Structures are given as structure tokens and as C-alpha cells.
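In full-length UniProt numbering, the protein residues as written are 1 to 302. Every residue gets a Cβ at the ideal spot worked out from N, C-alpha and C, and that includes glycine. Model, not experiment: these values are computed from the prediction. Notes follow the structure.
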């Protein structure tokens, strides 16, 4: 106490020495008894549970004292002391069953309540699910559209291939008919069967062919009779085709040539027989004509 009084008196003297003239320095008050009494009023009592203070005191480390001028050694001492304090506090809290570790999905302190955040989470999950479902529907529509395009392309390619095959067969038939080839009827039947069994829409037929049984109806030139049956053209049909030019060559068919001009068998020499000579009045001679109506009436009256 004597040292404290000496320190206070010396400090008062120094303050009075440096104080300006005409100004009285207020005396310092240093009442240790009152300070200790006030500290006991608001200070923590020893009977308070440790969880209320969480104060941890660690004894200084054993060994050589730390040089305060060495920054690295000083900071390492602080770190070691803090680590020991944390370990001591962790053991105490674990013994009391106090949860000290944050949950794995914890990021920061929230102003909102947990119930509100759960609602927000449910809403976000619902929106995400709706977006995924919309994306799945969009992909399904694209796949369906792509499938339709592929199917249409295949059908178009199949129809074009069938059309090319039919045209090639028709061209071959025309060439064969042009060359007057009469054999190969069985091959024609097989081609007709293949055309009938080919997949896809049936080829369109004209109304004349559908009504008269195709080109083979009524003894035609070797087509189908409307029931899928193939017929070979008869000799009569061939003769008529040769005469009237149906399906055959028509150019210069009915004109004379050197052979027909020299043939006199078809000459009609008696063409003017029975016509007689003209009378005086320019009437026609020969066989008598029937009298008129007036003459026949006179003959009946006589």
C-alpha cells in the first residue's frame, strides 16, 4: 500500500508540475476497497456452472521461456496454448453432452426459421422437378418427331424403289413386245405375282383396265382380267391388232405399196354394171324404176 501511495503522490506532483499556471489539478481517487467491492458485485461467482462462462485456463508450457523478441516462437507459443485450451473445452463439452459440431448441411446462421426454410426447400425441389419433367417431355416430342421423319423417309424410299422396279419391268415388257417375243409367259406370271405381293399401297389402275379386266380382258393382249389371272392373247386378238393397229405399228399400215398395187385380185370390174345409159331427158337407163305415187293411183283407178 505504501508503494501505491508513493506512486500516486509522485504522479500527482508530476501532473502539477506540467499543469498550466492558474489551473488547479483535480486530485486522483484510487480507492482499492471500493473497486474490489464493485468487482464482487458484478463478477462471476465460483459456484456458477462452467457452461455459463466457458472460461478455460491453461498453465504455461514447461521448458525454456519464450523470447518475446522472436516473433515465430511467440506466435507458436500462442498457437500451442490456444490449441490446448480448445482440446480441454472440447473434452468438457463432450462429457456434458453439449452438441458442438455443426450439421453437414449447415453453411451460415439463418435469419429465417427452419420451418420457413423447409418450405423454401420444398418449393425449389418442386420447381426443379417441374423443369426436369418439361425437359423430358420436350425430348420425347423431339424423339417422336424424329421417329416420324425417319419413318416417312423410309416409306418414301420404299415407294421410290418400288416405282423404279415397276418402271423397269414395264420397260422390259414393252421392249419384249416390240421384238415380237412370244415366249416367257411363265416369267410374266411370276412378275405379276411379285407386283401383287409387294408391300405398300397398291398401284393405281385406270378405269378402263379396272372395268374390262385390264389389257387381257375379253381376250386382250396379255394382261390381267381384273382378278389377278393372266391370259395369253388369242390368235383372233392378234389378227385384229395386226389389222387395226391396236398396240402395234400404225404408220403407213393402210397405204398401198408396190405389191398391193400390182395385185388385181381385189379389183371390182363389175362396178358399173346395171346402171344403164342416160335417156333423152338425162334420166338413168337400165332397170326400170318404180312408178311414182300419182301413177300408181291412176293405175289402181283404171
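So, using beta-carbon positions, are residue i and residue j closer together than 9 Å?
i	j	result
residue 59	residue 77	no
residue 129	residue 120	no
residue 33	residue 56	no
residue 74	residue 65	no
Taking only three categories from DSSP, how would you classify residue i?
i	result
residue 29	coil
residue 312	Coverage of the chain is limited to positions 1 through 302, which leaves residue 312 absent and any answer about it impossible.
residue 256	coil
residue 119	helix
residue 290	coil
residue 85	helix
residue 231	coil
residue 23	coil
residue 101	coil
residue 62	coil
residue 41	helix
residue 106	coil
Here's the rule I'm using: 16 or more other beta-carbon atoms within 10 Å means buried, otherwise exposed. How should residue i be labelled?
i	result
residue 36	exposed
residue 237	buried
residue 116	exposed
residue 126	exposed
How about residue i: is its C-beta nearer than 9 Å to some C-beta of chain B?
i	result
residue 96	Absent here is chain B; the protein component of the structure consists of one chain.
- Message: Any contact between the region 84 to 96 and the region 47 to 56? By contact I mean 3 or more CB pairs, one from each, below 8 Å.
- Response: Short answer: they touch.
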